[in-house]
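Novice: First the structure, then my questions, so here it is.
2 protein chains.
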Amino acid sequence: MPRSTRAARKPDRPYHHGNLRRGLLDEALATIRAEGVEGLTLREIGARLGVSRTALYRHFADKRALLAGVATEGFRTLRQQLVAAWEEGGRGRAAFESMGAAYVRFAVANPSHYRVMFGGFVNPKACEPELTAEAAGAFQALVDALAALQRDAIVRGDDTVKMARFVWAVVHGVAMLGIDGQLPEPCGVEELMRYALERLRTGIDAAERASGRRRRH
Amino acid sequence: MPRSTRAARKPDRPYHHGNLRRGLLDEALATIRAEGVEGLTLREIGARLGVSRTALYRHFADKRALLAGVATEGFRTLRQQLVAAWEEGGRGRAAFESMGAAYVRFAVANPSHYRVMFGGFVNPKACEPELTAEAAGAFQALVDALAALQRDAIVRGDDTVKMARFVWAVVHGVAMLGIDGQLPEPCGVEELMRYALERLRTGIDAAERASGRRRRH
DNA sequence: ACCTGAACACCGTTCAAGT
DNA sequence: ACCTGAACACCGTTCAAGT
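Protein chains in written order, with the working numbering: chain A, -13 to 203; chain B, -13 to 203.
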């Protein structure tokens, strides 16, 4: 009876499944979220979608390519959350720190997904251009924000990319240790992030630079 | 003919292989180093040691336990290199920065080993007490050094563990990004580490604290 | 105590065949 | 074009049996 909803469309495609690629990515992410990367099997996600276990190979070269797809979407979501934090925070220093908090929050809220993005399951050699582009996009959000702060002389005038990589390393380090369970109370991931932002601030403030220069001579 | 070298010992142990546990750990690490963690198979390391592929289960509960053993030895080596850098550097601020460099150098020189230690292959729940202890020992080297710097009023008087975790996050973040190939030139892992140490310094110097306080009011 | 060999239940991937 | 089903070469792990 719901046949009528299809009547207006093109002639029945006997095998379709709407968008199998989309379904595979969603199901893979759901499984990873629930059981971790090591719990992901192509056979089970095929079964869960009511599809042969080899149907996947029409949409992905192999399992690694599927994981690369999951990682790609992770970088996209991360970038969106970073940009949202930056803009909603008012594009100033407070907004920048809000970005850092958002970064760590994403990682802690999606530990398995984050691990797919950074755990070495996908190598960033040029093989996956979409993944490379999306990862670069997320990093660019950080660079853009930092450049804006530099324009207003809020942070040091160092090489922007270098400074951005440093900030990235800090939040990535906090996130990774948190995910690994290496930050038991007291001083869990949230308190450490708060502290890291404080230390980061006095480490990159433009005002600090002048007084640092003066003291050193 | 080399039978005589065994004559002086206890009666022949027909199955021995010296210390199979030791051999398994060495062979596992060699394989991981050469082919990555995902290239490690119990069958092959058994074959390489001229031993049945189930002999391993006399010494390790399962594959995870073997990996935990490899990780444990990684933390031991890391601690030794950190302590060596600290002591040979003269136990001062320069020595502390030398420790940071040694940390990143270890990770970059042994990427696959480092990933076994931090890649989520072993979970730090109380299941592996030896691993937990060795990881804590490596971290303690950092805490001890920081405490010494605090005693000489070289760095801020903040909670030592919190400060140590922050420094750990920084070097861990730099190391991880470097291993993942996320730090292409310019500004590779070495230059970033140099920059990170600079920013870290003006972030934790005791002198900075006073001037920071003054400026804020 | 330590090791073996066969067996079990799984896996990713290939490929000829179907619609 | 897209999907299937059988088959292949692998895997970690168990367990009764050997010495």
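Don't be surprised by glycine CBs; every beta carbon is placed ideally from N, CA and C. As the structure is a prediction and not an experimental result, all values here were calculated from the model.
Nearest-angstrom Cα distance between residue 60 (chain A) and residue 86 (chain B)?
Specialist: In this structure, the CA atom of residue 60 (chain A) is about 30 Å from the CA atom of residue 86 (chain B).
Novice: Return the Cβ separation of residue 188 (chain A) and residue 146 (chain B) in integer angstroms, given the expectation that the two are a contact with Cβ distance under 8 Å.
Specialist: In fact, because the Cβ distance is near 18 Å, the residues do not count as touching under 8 Å.
Novice: Please confirm if residue 185 (chain A) has its CB atom under 8 Å from at least one CB of chain B.
Specialist: yes
Novice: Taking the Cβ atom as the reference point for each residue, do residue 42 (chain B) and residue 13 (chain B) lie within a distance shorter than 8 Å?
Specialist: no
Novice: Return helix, strand or coil for residue 156 (chain B), following the three-state DSSP convention.
Specialist: helix
Novice: For a contact defined as C-beta to C-beta under 9 Å, what are the partners of residue 113 (chain A) on chain B?
Specialist: Residues of chain B passing the Cβ test: none, with the nearest at roughly 12 Å.
Novice: Residue 169 (chain A) touches chain B at which residues, Cβ-Cβ below 8 Å?
Specialist: 151
Novice: Let's see if you can read the secondary structure: which residues bound the alpha helix (DSSP H) around residue 37 (chain B)?
Specialist: Looking at the DSSP string, residue 37 (chain B) is not in any alpha helix (DSSP H), and its letter there is neither H nor E.
Novice: Quick one: which chain B residues come within Cβ less than 8 Å of residue 163 (chain A)?
Specialist: 151, 154, 155, 158
Novice: With DSSP run on the structure shown, which of helix, strand or coil describes residue 108 (chain A)?
Specialist: Assigned with DSSP and collapsed to three states, residue 108 (chain A) falls in coil, not helix or strand.
Novice: Can you list the residues of chain A that residue 148 (chain B) reaches, using a CB-CB cut of under 9 Å?
Specialist: 172, 173, 177, 178, 181
Novice: If you follow the alpha helix (DSSP H) that residue 130 (chain A) is in, where does it begin and where does it stop?
Specialist: 115 to 137
Novice: Report, in whole angstroms, the separation of the C-beta atoms of residue 128 (chain B) and residue 150 (chain B), which I expect to be a contact under 8 Å.
Specialist: 5 Å
Novice: Considering only the beta carbon of each residue, do residue 159 (chain A) and residue 175 (chain A) sit closer than 8 Å?
Specialist: No, the pair does not count as a contact, with Cβ atoms beyond the cut-off.
Novice: Which stretch, first to last residue, makes up the alpha helix (DSSP H) that contains residue 90 (chain A)?
Specialist: 79 to 95 is the extent of the alpha helix (DSSP H) around residue 90 (chain A).
Novice: To be precise: take each residue of the region 88 to 118 of chain A, compare its Cβ to all Cβ atoms of chain B, and keep it if any distance is under 9 Å. Which residues remain?
Specialist: The region 88 to 118 of chain A vs chain B, Cβ under 9 Å: 97, 98, 101, 104, 105, 106, 107, 109, 110, 111.
Novice: Check for me: the alpha helix (DSSP H) holding residue 61 (chain B) runs from which residue to which?
Specialist: 49 to 74
Novice: I'd like to check one pair, residue 81 (chain B) with residue 71 (chain B): are the Cβ atoms closer than 8 Å?
Specialist: yes
Novice: Using only the alpha-carbon positions, how far apart do residue 26 (chain B) and residue 132 (chain A) sit?
Specialist: 42 Å
Novice: Alpha carbon to alpha carbon, what distance is there between residue 136 (chain B) and residue 142 (chain B)?
Specialist: 7 Å
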